[in-house]
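I have placed the structure first, in the form of structure tokens, so that the comments after it can refer back to it.
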Amino acid sequence: MPQGSFFALLGASGCGKTTTLRMIAGLEEPTSGTVHLGDQDVTALPPYKRPVNTVFQSYALFPHLDIFENVAFGLRRRGIKSVRKQVGEMLELVQLGEQARKKPHQLSGGQQQRVAVARALINHPRVLLLDEPLGALDLKLRRRMQLELKRIQTEVGITFVHVTHDQEEAMTMADTVAVMNAGRVEQLGSPPTCTRTRAPRSSRTSSAPRTSSRPRSTRRPAGSWC
204 MPQGSFFALL GASGCGKTTT LRMIAGLEEP TSGTVHLGDQ DVTALPPYKR PVNTVFQSYA
264 LFPHLDIFEN VAFGLRRRGI KSVRKQVGEM LELVQLGEQA RKKPHQLSGG QQQRVAVARA
324 LINHPRVLLL DEPLGALDLK LRRRMQLELK RIQTEVGITF VHVTHDQEEA MTMADTVAVM
384 NAGRVEQLGS PPTCTRTRAP RSSRTSSAPR TSSRPRSTRR PAGSWC
């Protein structure tokens, strides 16, 4: 995955894309091979020691905390007491500066999603993992948030790894797309390259039930991941 790019894992439910994301995060162990972040082998590192953060579809915001404190949570856990400037800058990045003292239930789905992104980015991870974060939004809002996520990624310059079953979403947002099927990457390239080549049938539908599928991990030279 090129450093600083927007990378999409595209495929139907059960193809292994979320398992791949979880292996990068350290939430799943690969059965073989290694996971590298740049020149660092992180295969044996626990999740909390990896320079990655994850945004899930549910967002997992703290309902009892306002937006400011939700975003500040990671900094406070690290013992940083002076957080106002960093939180303010992050809220401005996601265009929620005026919503800082609201609770999550007072925000729209798209706003909640941006809070989750801000909270994940404030610790400056090398890689941000997004597990179908737009899946709970309606079509109109989802299209708008695609552009918003791409804008944020371009501004911060961090590698984004985005899991989706929506081909249009992947082609709109990503610099590079990996089309997965049955635990394997069947196509890898820029969106125009992938659209010129017929994708596997299972990657074009989201109707199949989610099943467990562990992709095969392969050893790659240092720097070949994120």
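In the working numbering, each number is its position in the sequence shown, counted from 1, plus 203. Here a beta-carbon is modelled for each residue, glycine too, at the ideal position from N, C-alpha and C. Quick caveat: nothing in here was measured; it's all calculated off a predicted structure.
Alpha-carbon to alpha-carbon, residue j and residue i
i             : j                 : result
threonine 221 : glycine 291       : 32 Å
serine 410    : glycine 217       : Caution applies to serine 410, whose pLDDT of 40 falls short of 50 and renders its modelled position unreliable; the value that the coordinates give is listed next. Taking the straight line from one Cα to the other gives about 11 Å.
threonine 237 : aspartate 244     : 7 Å
leucine 294   : glutamine 315     : 12 Å
glycine 386   : phenylalanine 265 : 34 Å
proline 336   : glutamate 232     : 23 Å
lysine 353    : lysine 284        : 31 Å
alanine 263   : arginine 322      : 10 Å
arginine 287  : serine 235        : 44 Å
valine 388    : proline 307       : 37 Å
leucine 391   : methionine 204    : 10 Å
leucine 166   : serine 311        : Past the edges of the chain, shown from 204 to 429, lies residue 166, and the structure says nothing about it.
Beta-carbon separation (whole angstroms), residue i vs residue j, contact threshold 8 Å
i              : j              : result
valine 320     : isoleucine 355 : 6 Å
isoleucine 325 : leucine 299    : Going by Cβ atoms, the distance from isoleucine 325 to leucine 299 rounds to 13 Å, so no, they are not a contact pair.
proline 250    : glycine 229    : 4 Å
valine 274     : valine 318     : 7 Å
serine 393     : aspartate 369  : Going by Cβ atoms, the distance from serine 393 to aspartate 369 rounds to 18 Å, so no, they are not a contact pair.
Given residue i as reference, the closest of the options once Cα atoms are compared
i                 : options                           : result
phenylalanine 210 : Leu337, Ile361, Val286 and Leu248 : Ile361
leucine 313       : Ala323, Gln289, Ala339 and Glu232 : Per the sequence presented here, residue 313 reads as glycine, with leucine not at that position. The candidate whose alpha carbon is nearest that of glycine 313 is Ala339.
serine 208        : Met376, Arg281 and Tyr262         : Met376
asparagine 384    : Arg281, Pro394 and Leu212         : Leu212
glutamate 272     : Val255, Gln302, Asn256 and Ser261 : Gln302
histidine 365     : Asn256, Ala247 and Gly241         : Asn256
leucine 296       : Thr357, Gln370 and Leu310         : Thr357
arginine 346      : Pro328, Met374, Arg279 and His327 : Met374
### Query
For the 8 Å Cβ check, are there 3 or more pairs between the segment 221 to 235 and the segment 327 to 341?
yes
### Task
Within the segment 347 to 397, note down every full alpha helix (DSSP H) run reaching 4 residues or more, in order along the chain.
370 to 376
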